[in-house]
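Peer 1:
There are 2 protein chains.
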Amino acid sequence: MDYKEEIKDHFISGHKKYLRHISVDCVIFGFHKNELKILLLKANYAGKWALPGGFILKDEHMDEAAKRILEQRTGLMEIYLQQFHVFSEPERSTKRVNKQFLKNVGIEGEESWMFDRFITVGYSALVDFTKVQPVADIFSDACEWFEIHKVPEMILDHNLILDTALNSLQLQLNYQPVGYNLLPEKFTMPELLKLYETILGRTLDRRNFQRKIISTGILKKLNETKKGVAHKAPYYYKFDLRKYQKALKAGLGF
Amino acid sequence: MDYKEEIKDHFISGHKKYLRHISVDCVIFGFHKNELKILLLKANYAGKWALPGGFILKDEHMDEAAKRILEQRTGLMEIYLQQFHVFSEPERSTKRVNKQFLKNVGIEGEESWMFDRFITVGYSALVDFTKVQPVADIFSDACEWFEIHKVPEMILDHNLILDTALNSLQLQLNYQPVGYNLLPEKFTMPELLKLYETILGRTLDRRNFQRKIISTGILKKLNETKKGVAHKAPYYYKFDLRKYQKALKAGLGF
DNA sequence: ATTCATTGCGTTACATTGACACAATGTAGT
DNA sequence: ACTACATTGTGTCAATGTAACGCAATGAAT
């Protein structure tokens with residue numbers, strides 16, 4: 115089935131495969147070169163960008179649907195994923211957008227479940243930037259990382275969804291460790307600091323931060339310093355996964 | 115339309131009115147006689163209890179749907195309401211339960227949207243116990259308060275939904291004021307203390323608690339003590355609504 | 001009038017936090 | 001080879017917050 119046929123099939127027969135009225139949108143956070151980034155798709159009809167999203171198979175857990183979508187976009191299997199909010203504005207204008215899409219592809223006059231009202235569940239994912247291979251889907255012709263504060267205007271309410279995700283991530287930082295999913299296995303204290311600062315959108319005192327994070331016990335200091343940096347070389351750390359998991363469940367009281 | 119006709123109509127034609135596959139379930143918390151309670155309906159088919167729930171009109175915001183359901187069950191208009199989780203187990207056996215229901219009512223052999231798989235969104239509500247007039251719906255023959263730790267086995271995954279709601283309420287207590295929606299206008303410090311203790315499931319030092327809650331500035335002390343109590347009479351307090359709202363938005367850092 | 005559970009207010013020891021000082025490190029420039 | 005310097009690692013100290021407990025005041029019940 116070629117590209118156009120595939121899309122037509124999705125519009126006309128997708129409702130046999132997927133639940134109606136419900137979609138999933140993913141805010142995929144990554145961290146690279148001291149910048150917080152999110153992964154976006156370029157909708158090949160609107161010229162606008164969009165969050166990676168998809169639909170729920172008739173016999174699929176929603177978490178699985180989100181996982182499937184993430185895997186298709188990033189190639190990653192083990193992903194930290196969680197739902198953070200449901201968006202149910204009756205005026206989320208999926209109908210107009212999807213009609214326009216179909217028209218741009220060159221199909222018209224058909225009826226479709228895609229013109230129905232959609233409620234969408236927002237999922238946020240934290241991934242290791244360096245391990246991601248961005249892959250576009252059939253509705254998109256690009257899949258790229260955007261610096262969090264340079265995200266363009268997106269389709270529908272996707273900017274709102276992003277803001278809500280960021281907000282909930284900031285809240286989480288107060289009572290849960292977060293770095294494990296966003297950083298490579300080995301990292302330095304300044305990198306971890308910068309991650310926290312970027313998510314929170316404000317600077318922290320590096321000395322107090324170090325004391326606090328060390329006191330949680332979730333870090334293991336390695337006997338190895340970063341090579342090839344100007345100035346004093348920082349030590350590498352990695353997460354003590356056992357204690358990290360514990361802190362995830364029990365909370366940190368940050 | 116009589117009772118049975120109404121139910122039949124709901125099963126056969128409800129999908130013209132409501133979104134398919136999606137429902138809303140509400141965990142309604144109240145506080146009375148130093149006990150945390152929730153409002154349950156007795157499903158008139160299963161002999162089991164259930165959370166008050168309902169469906170989303172085709173042109174309705176999900177928050178509005180939850181509000182509508184709450185209003186119908188409690189008579190209250192101004193309610194503190196928030197979504198806390200989406201439950202999407204594909205094996206939530208709504209089909210079996212709803213088929214049984216229809217059979218018990220005396221209807222059989224029909225097809226119905228109610229036999230489809232349902233994803234449900236959990237909402238939690240905090241209400242003033244004393245102002246609630248519990249009202250059953252057409253699927254139920256009773257609507258009653260249950261002490262939170264004496265909740266019976268419920269239909270489907272409703273016990274899980276309740277546990278999740280309680281958990282999220284406990285988390286909230288750490289960074290948001292909560293009492294306003296659960297207590298009558300005037301209340302004493304021991305009552306507020308007991309509310310916190312009940313939600314958290316552990317005792318707090320009353321003297322430290324008082325200092326902490328006073329220091330947030332969300333309380334106004336009245337020049338009036340409780341009458342007719344043995345021992346020393348406690349003062350009444352009420353919430354400083356302006357500061358309370360502020361704290362809701364800004365967080366308390368409790 | 002006395003008893004006594006409970007309230008209101010206070011104290012003290014200890015832990016946590018925020019702000020800042022200073023020496024150690026190691027590359028880059030001379 | 002030596003020096004400059006940005007950055008890291010460790011430490012200090014005062015202010016603030018928290019946990020644990022003491023004690024007198026209250027007022028219905030006896």
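Chains as they are written, first to last, in our numbering: chain F, 115 to 368; chain G, 115 to 368.
The beta-carbon is built from N, C-alpha and C at its ideal position, and this holds for glycine as well.
#1: Looking at C-alpha atoms only, which residue of TYR350(F), LEU133(F), PRO248(F), LYS363(F) is the closest neighbour of LYS307(F)?
#2: May I ask which residues mark the beginning and end of the beta strand (DSSP E) holding TYR237(G)?
#3: If the criterion is Cβ atoms closer than 8 Å, does the pair GLN247(F) and THR188(F) meet it?
#4: Looking at the C-beta of MET228(G), does it have a partner C-beta in chain F at a distance below 8 Å?
#5: Among PRO204(F), TYR289(F), TYR159(F), whose alpha-carbon lies nearest the alpha-carbon of GLU178(G)?
#6: Check whether the Cβ of GLN286(G) sits closer than 7 Å to any heavy atom of the ligand ATP, and report yes or no.
#7: Secondary structure at VAL292(G), three-state DSSP: helix, strand or coil?
#8: If I measure Cβ to Cβ from SER202(F) and keep anything under 7 Å in the same chain, skipping five residues before and after, which residues do I get?
#9: For ASN148(G), count neighbouring Cβ atoms within 10 angstroms of its own Cβ and tell me buried if that reaches 16, exposed if not.
#10: What does LEU274(F) reach in chain G if we use C-beta pairs closer than 8 Å?
#11: Return yes when the Cβ of MET268(F) is within less than 8 Å of the Cβ of LYS162(F), no when it is not.
#12: Going by the beta-carbon positions, is the gap between PHE198(F) and SER254(F) smaller than 8 Å?
#13: Give, in chain order, every unbroken run of the alpha helix (DSSP H) that is at least 4 residues long and sits entirely within the segment 169–214 of chain G.
#14: At the 8 Å Cβ level, is LYS313(F) part of the contact set with chain G, yes or no?
#15: Taking 8 Å as the CB-CB limit, is GLN290(F) close to chain G?
#16: Report the neighbours of SER207(F) on chain G: residues whose CB is nearer than 7 Å to its CB, in chain order.
#17: For chain G, find out if any of its Cβ atoms is closer than 8 Å to the Cβ of ILE233(F); answer yes or no.
#18: If you follow the beta strand (DSSP E) that SER137(F) is in, where does it begin and where does it stop?
#19: Can you confirm whether the segment 216–232 of chain F touches the segment 121–128 of chain F when touching is taken to mean that 3 or more C-beta pairs between the two stretches lie within less than 8 Å?
#20: With C-beta atoms as the reference, is ILE332(F) less than 8 Å away from TYR310(F)?
#21: ALA167(F) bridges to which residues according to DSSP?
#22: TYR159(G) by DSSP, collapsed to three states: which one?
#23: Distance, Cα to Cα, THR339(G) vs PHE301(G)?
#24: Going by alpha carbons, who is nearest to LYS245(F) out of LEU296(F), LYS118(F), ILE221(F)?
#25: Assign VAL343(F) to buried or exposed, taking buried as 16 or more other Cβ atoms, counted over all protein chains shown, within 10 Å of its Cβ.
#26: Considering only residues of the same chain and omitting the five flanking positions on each side of TYR258(G), which have a CB-CB separation below 7 Å?
#27: Anyone know if the C-beta pair for LEU287(G) and PHE143(G) falls short of 8 Å?
#28: Should GLN286(G) be flagged as near chain F, meaning a C-beta pair shorter than 8 Å?
#29: For GLU174(G), decide whether its Cβ has a neighbour in chain F, counting only Cβ atoms nearer than 8 Å.
#30: Please name the residue, chosen from PHE215(G), ALA347(G), VAL292(G), LEU216(G), that lies closest to LEU240(G) on a Cα-to-Cα basis.
#31: What residues in its chain sit with their C-beta under 8 Å from that of HIS146(F), if we drop five residues either side in the sequence?
#32: In whole angstroms, what separates the C-alpha of LEU314(G) from that of LEU195(G)?
#33: Give me the residue from MET191(F), HIS135(F), VAL211(F), PHE169(F) with the minimum Cα distance to ILE170(G).
#34: Assuming ILE121(G) contacts ILE252(G) under a Cβ cut-off of 8 Å, what Cβ separation, rounded to an integer in Å, is found between them?
#35: Over the uninterrupted alpha helix (DSSP H) stretch that includes THR278(F), give me the two end residues.
#36: Among the candidates ILE262(F), SER137(F), GLU192(F), whose CA atom is the shortest distance from the CA of GLU174(F)?
Peer 2: For this structure:
#1: Locating residue 307(F) in the first sequence gives position 193, counting from the first residue. Looking at the sequence itself, residue 307(F) is Leu, so the reference to Lys does not match. Of the listed residues, the one whose Cα sits closest to LEU307(F) is TYR350(F).
#2: Taking the first residue of the second sequence as position 1, residue 237(G) is located at position 123. 233–240 is the span of the beta strand (DSSP E), which, as asked, contains TYR237(G).
#3: On the first sequence, residue 247(F) is found 133 positions in, with the first residue counted as 1. On the first sequence, residue 188(F) is found 74 positions in, with the first residue counted as 1. Going by C-beta atoms, GLN247(F) is nearer than 8 Å to THR188(F).
#4: For the purposes of this step, residue 228(G) is taken as the residue at position 114 of the second sequence. Answer no: the Cβ-Cβ gap between MET228(G) and chain F never drops below 8 Å.
#5: For the purposes of this step, residue 178(G) is taken as residue 64 along the second sequence, with counting starting at 1. The residue with the shortest Cα to Cα distance from GLU178(G) is PRO204(F).
#6: In the structure on display, the ligand ATP does not appear, and there are no ligands present to speak of.
#7: Stepping through the second sequence from its first residue, residue 292(G) is reached at position 178. Coil.
#8: Start at 1 with the first residue of the first sequence, and residue 202(F) comes out as number 88. Contacts found: ILE233.
#9: Within the second sequence, numbered from 1, the residue matching residue 148(G) stands at position 34. ASN148(G) is exposed by the Cβ-count criterion.
#10: The sequence position of residue 274(F) within the first sequence is 160, counting from 1. The premise fails here: LEU274(F) is roughly 14 Å from chain G at the closest Cβ pair, so nothing lies under 8 Å.
#11: Looking up residue 162(F) in the first sequence gives position 48. Looking up residue 268(F) in the first sequence gives position 154. For LYS162(F) and MET268(F), yes; Cβs fall inside 8 Å.
#12: Here residue 198(F) refers to the residue found at position 84 when the first sequence is read from its first residue. Here residue 254(F) refers to the residue found at position 140 when the first sequence is read from its first residue. No. Outside cutoff.
#13: 176–188
#14: Position 199 of the first sequence, counted from the start, is the residue given in the question as residue 313(F). Reading off the sequence shown, one finds Ile at residue 313(F), where the question assumed Lys. For ILE313(F), the answer is no, since every Cβ of chain G falls outside 8 Å of its Cβ.
#15: Numbered from 1 along the first sequence, position 176 holds the residue referred to as residue 290(F). Chain G, which has no Cβ nearer than 8 Å to the Cβ of GLN290(F), makes this no.
#16: Here residue 207(F) corresponds to residue number 93 of the first sequence, with the count starting at 1. In chain order: nothing, as chain G lies at least about 13 Å away.
#17: Against the first sequence, residue 233(F) aligns to sequence position 119. True, the Cβ-Cβ gap to chain G drops below 8 Å.
#18: Position 23 of the first sequence, counting from 1, holds the residue named residue 137(F). Its beta strand (DSSP E) spans residues 132–146.
#19: yes
#20: Taking the first residue of the first sequence as position 1, residue 332(F) is located at position 218. Taking the first residue of the first sequence as position 1, residue 310(F) is located at position 196. No, the Cβ-Cβ distance between ILE332(F) and TYR310(F) is not below 8 Å.
#21: Here residue 167(F) corresponds to residue number 53 of the first sequence, with the count starting at 1. Contrary to the premise, residue 167(F) reads as Gly rather than Ala in this sequence. Per DSSP, ASP139(F).
#22: Translated into the one-based positions of the second sequence, residue 159(G) becomes position 45. Of the three classes helix, strand and coil, the one that applies to TYR159(G) here is coil, per DSSP.
#23: Locating residue 339(G) in the second sequence gives position 225, where the first residue counts as 1. Locating residue 301(G) in the second sequence gives position 187, where the first residue counts as 1. Near 10 Å, if we compare the C-alpha coordinates of PHE301(G) and THR339(G).
#24: By 1-based counting over the first sequence, the position of residue 245(F) is 131. Ranking LEU296(F), LYS118(F), ILE221(F) by Cα distance to LYS245(F) puts LEU296(F) first.
#25: Within the first sequence, numbered from 1, the residue matching residue 343(F) stands at position 229. By the neighbour-count rule (16 or more Cβ atoms within 10 Å), VAL343(F) is not buried but exposed.
#26: The count along the second sequence starts at 1 and reaches residue 258(G) at position 144. Here residue 258(G) is Glu; the residue named in the question, Tyr, does not match the sequence. Excluding positions up to five away in sequence, the list reads LEU154, PRO248.
#27: For the purposes of this step, residue 287(G) is taken as the residue at position 173 of the second sequence. For the purposes of this step, residue 143(G) is taken as the residue at position 29 of the second sequence. No; because the gap between Cβ atoms is not below 8 Å, this pair is not in contact.
#28: Here residue 286(G) refers to the residue found at position 172 of the second sequence. Not closer than 8 Å to any Cβ of chain F, the Cβ of GLN286(G) fails to qualify, so no.
#29: Translated into positions along the second sequence, residue 174(G) becomes position 60. By this cut-off, GLU174(G) is an interface position.
#30: Here the question's residue 240(G) lines up with position 126 in the second sequence. Comparing Cα-Cα distances from LEU240(G) to each of PHE215(G), ALA347(G), VAL292(G), LEU216(G), the minimum goes to VAL292(G).
#31: As a first step, residue 146(F) is located in the first sequence; it is residue number 32 there, counting from the start. Cβ within range, chain order: PHE243, THR244, TRP259.
#32: Taking the first residue of the second sequence as 1, we reach residue 314(G) at position 200. Taking the first residue of the second sequence as 1, we reach residue 195(G) at position 81. Looking at the two C-alpha atoms, the distance is approximately 20 Å.
#33: In the second sequence, counting from the first residue as 1, residue 170(G) sits at position 56. Minimum Cα distance to ILE170(G) is reached at HIS135(F).
#34: The residue given as residue 121(G) occupies position 7 in the second sequence. The residue given as residue 252(G) occupies position 138 in the second sequence. About 6 Å; that satisfies the 8 Å criterion.
#35: Taking the first residue of the first sequence as 1, we reach residue 278(F) at position 164. It spans 272–286 - the alpha helix (DSSP H) in which THR278(F) sits, taken as one unbroken run.
#36: In the first sequence, the residue the question calls residue 174(F) occupies position 60. Selected option, being the one with the closest Cα: SER137(F).
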